[in-house]
Structures are given as C-alpha cells and as structure tokens.
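Before any comments, here is the structure.
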Amino acid sequence: MIEIPSDLHKDLVPLAFLLGDWAGAGVHDFPGSEKCNFGQEVTFTHDGRDFLEYHSRTWVLDNDGNKVRPLETESGFWRIDAGRKVEVTMTRDDGTIEIWYGEMADKKPQIDLVTDAVARTAAARPYTGGKRLYGYVKSDLMWVGEKQTPEVELRPYMSAHLKKVVTPEDVERWAKALPDDMPDDGIAFFK
C-alpha cells in the first residue's frame, strides 16, 4: 500500500512509493571487484520541501547471509518536475559525486536514470557513468544499476530486491485506521 503523507510536498506525490525504510539483498558483480551477495538498507525521507532525502548502505554477505564488511554507502536528494522528469544528486563514500537525470514511467512506479555528470576525488575508483532502474513491484522496491569505467563498457554491476520495513508506529497507525465494523470471527472478513 502506498501512503501519501499529508505534509509531503505536492510535487513529490509521484515519488511517494519510495518513502520509508527498505531492507533486502542483492548481487554485486563487476570486473576488478569481488563478486558477492550483499545486504542493503535504504531510506527515503522528506521534510516538507520539494525533495526526498536518500541514504543507502550496503555490506558484503557471507554464504550464510551474515554481514562481513561494508560495501558501498551513498546519499543524496531526489526531485521530480511536473513533466515527471527526475533529478538526483548523489555522493558515494569512495569520493564519487554524481548528477542523475531520468524520468518516471507513464502510469507505473518505475524510474529510469542515467548519469549526466560524474566528479571524483583522487581516492575514487575509475568510473565514467551509469544507469539505474528503480521499480515498485508487488509492494517491494527493486533496482538494478549499470556502470562503466574507462576500461569496462556499460554493464550491470548491482541489483537488489528490497522489502518495506514495518515499524511499531506503522502497525499502530494501521490499527487506528481499521474500520469499526471489522468482523470479530476472522472468517466473515473473507466472505
């Protein structure tokens, strides 16, 4: 269920499906890097202004699904205009700063992004650009990222399947929103 907070800036309504805390796992595979499974936590928040704040943290998982070490951390800001054009500014822990542009698909919660500008510090690994696809599929957030370097053509390198994290506050809010005429035997609800 997609909830639209009453204090969400009106321009951000098409991006409301991103809001909240997400957690899940995915696969990382790029030449010159360790191929691995990873865990991920993503948060999209808002403060009433015309952007979403984004934070993502990933870590390498062992074969049993345990955290081994950090993989990547990134944060940024997402905006959308009246024409459904999306703009993202993003900073990564390795010293890379990116500006992404793209658009939201017509009549579905899906966003295609491509880098427009990449800046790197001296410590950053070689990187020249990328693409990302985000989609809200059956109440889950899924994404795939592609990247390119001077040595490697554009190719997929990370993808993940994330589930919405439910908090006790969510449960309380949902419970208060239940109708007063809920059946008490549980079975009548399904008739």
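Numbering-wise, full-length UniProt numbering puts 140 at position 140 of the sequence shown, and it's gapless, one number per residue. By construction, the Cβ of each residue, glycine as well, lies at the ideal position given by its N, Cα and C atoms.
Residues of its chain near residue i, where Cβ-Cβ distance is below 6 Å and the 5 sequence neighbours each way are ignored
{"i": "Q148", "result": "T128, G129 and L154"}
{"i": "G135", "result": "Q110 and M142"}
{"i": "P168", "result": "none"}
Close Cβ partners of residue i (< 8 Å) along its chain, the five nearest in sequence each way excluded
{"i": "A123", "result": "D94 and G95"}
{"i": "D50", "result": "H9, D11, L12 and R79"}
Neighbour-count burial assignment, residue i, 16 or more Cβ in a 10 Å radius
{"i": "E98", "result": "buried"}
{"i": "E151", "result": "exposed"}
DSSP three-state assignment for residue i, whether helix, strand or coil
{"i": "E3", "result": "coil"}
{"i": "L8", "result": "coil"}
{"i": "P109", "result": "coil"}
{"i": "E172", "result": "helix"}
{"i": "P156", "result": "strand"}
{"i": "P70", "result": "strand"}
Nearest-angstrom beta carbon gap, residue j and residue i [assumed within contact, 8 Å]
{"i": "H28", "j": "L71", "result": "7 Å"}
{"i": "A16", "j": "L61", "result": "With 8 Å as the limit, A16 and L61 do not qualify as a contact, their Cβ atoms being about 30 Å apart."}
{"i": "I80", "j": "L12", "result": "7 Å"}
Cutoff 7 Å; reference residue i; Cβ partners in own chain excluding five residues on either side
{"i": "R125", "result": "D94"}
{"i": "P14", "result": "I80, R84 and M104"}
Residue i CB to nearest heavy atom of the ligand NAD below 7 Å
{"i": "A124", "result": "Of ligands this structure carries none, so the ligand NAD is not represented either."}
Exercise. Would you check if there are 3 or more beta carbon pairs closer than 8 Å linking the segment 84-93 to the segment 38-47?
Key: no
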